[in-house]
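The working numbering puts the first residue of the sequence shown at 7, with every later residue one more than the last. Below: the structure, in structure tokens.
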Amino acid sequence: GLKYIIQAKKENKGVLLIGMHFLTLELGARIFGILHPGIGVYRPNNNLLIDWLQTWGRLRSNKSMLHRSDIKGIVKALKNGEIIWYAPDHDYGYKNSIFVPLFAVPHAATTIGTYKIAKITKPAIIPFMPYRLPNASGYELLILPDEKTIPLNQDIETVITYINKKIIEKLILTAPDQYMWLHRRFKTRPHGDPPLY
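Below is the structure:
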């Protein structure tokens with residue numbers, strides 16, 4: 007799938023590399039960075055030593071890291087043709103989220119950041135996933151085609167639902183046992199709804 011990255015770069019487009027929180031996340035960032043160094047979007051770890059180690063490891067083969075709230079930095083990088091690794095699969099709470107379906111949960115708090123970033127920068131939106139092959143036979147880096155069919159001209163709820171169904175669910179279902187379910191993806195509920203955990 008590297009051809010999709012190469013094609014986007016030939017078209018002078020920034021690349022919004024849509025990743026997920028899989029157990030292979032760090033390995034995937036390393037492999038991808040060796041091939042095409044990019045910029046990671048992340049939340050600093052509360053433990054300063056862990057944060058330093060994590061950042062050091064990621065920067066060994068990538069350009070830089072941006073805080074997940076640095077939308078201006080993300081937009082600037084994409085407009086400059088950079089590759090941004092971005093993971094819209096977490097539950098970030100009420101702020102900057104809407105409730106849309108994800109799997110069998112009709113109201114999953116989902117970030118609207120993907121919509122805002124894509125609407126402003128018009129990047130190539132390329133789903134990406136590193137996963138472990140069966141029988142300890144190695145790893146594969148799955149890079150899918152540019153999601154040119156995302157209906158960015160539609161309302162935000164339609165777009166985010168599309169991203170959940172066509173990208174997030176599809177990637178998770180490729181290797182559901184390797185997804186970091188420990189992050190409690192469905193912890194934020196609409197006011198009045200009972201907790202799922």
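Quick reminder that beta carbons are idealized off the backbone N, C-alpha and C, glycines included.
#1: Report the option in D152, Y137, D57 whose CA atom is closest to the CA atom of D183.
#2: Out of L148, K154, W91, T167, point me to the one whose CA is closest to L177's CA.
#3: Given a cut-off of 7 angstroms on the beta-carbon distance, is the pair E88 and I126 in contact?
#4: Which same chain residues, not among the five before or five after P43, have their C-beta less than 7 angstroms away from its C-beta?
#5: Note down the Cα distance separating N86 from H96, rounded to an integer number of angstroms.
#6: Taking the straight line between their C-alpha atoms, what separation do you get for W58 and L65?
#7: Taking L29 as the reference, give the member of N141, L22, L41, L188 with the closest Cα.
#8: So what does L148 bridge to, in DSSP terms?
#9: Could you check the C-alpha separation between E17 and P200 for me, to the nearest Å?
On the basis of the supplied data:
#1: Sequence index remark: in the sequence shown, residue 183 carries index 177 (1-based). If we check each option's Cα against that of D183, Y137 comes out closest.
#2: Sequence index remark: in the sequence shown, residue 177 carries index 171 (1-based). The option with the nearest alpha carbon to L177 is L148.
#3: Taking the first residue of the sequence shown as position 1, residue 88 is located at position 82. Taking the first residue of the sequence shown as position 1, residue 126 is located at position 120. No. Outside cutoff.
#4: Your numbering for residue 43 matches position 37 in the sequence shown. Answer for P43: S67, N68, K69, listed in chain order.
#5: To locate residue 86, count along the sequence shown from 1; it is residue 80. To locate residue 96, count along the sequence shown from 1; it is residue 90. When rounded, the distance between both Cα atoms is 27 angstroms.
#6: The residue given as residue 58 occupies position 52 in the sequence shown. The residue given as residue 65 occupies position 59 in the sequence shown. For W58 and L65, the gap between their C-alpha atoms comes out near 10 angstroms.
#7: Residue 29 sits at position 23 when you count from the first residue of the sequence shown. If you compare the alpha carbons of N141, L22, L41, L188 with that of L29, the shortest gap goes to L188.
#8: On the sequence shown, residue 148 is found 142 positions in, with the first residue counted as 1. Per DSSP, M135.
#9: Residue mapping note: residue 17 aligns to position 11 of the sequence shown, counting from 1. Residue mapping note: residue 200 aligns to position 194 of the sequence shown, counting from 1. Rounded to the nearest angstrom, the two C-alpha atoms are 47 angstroms apart.
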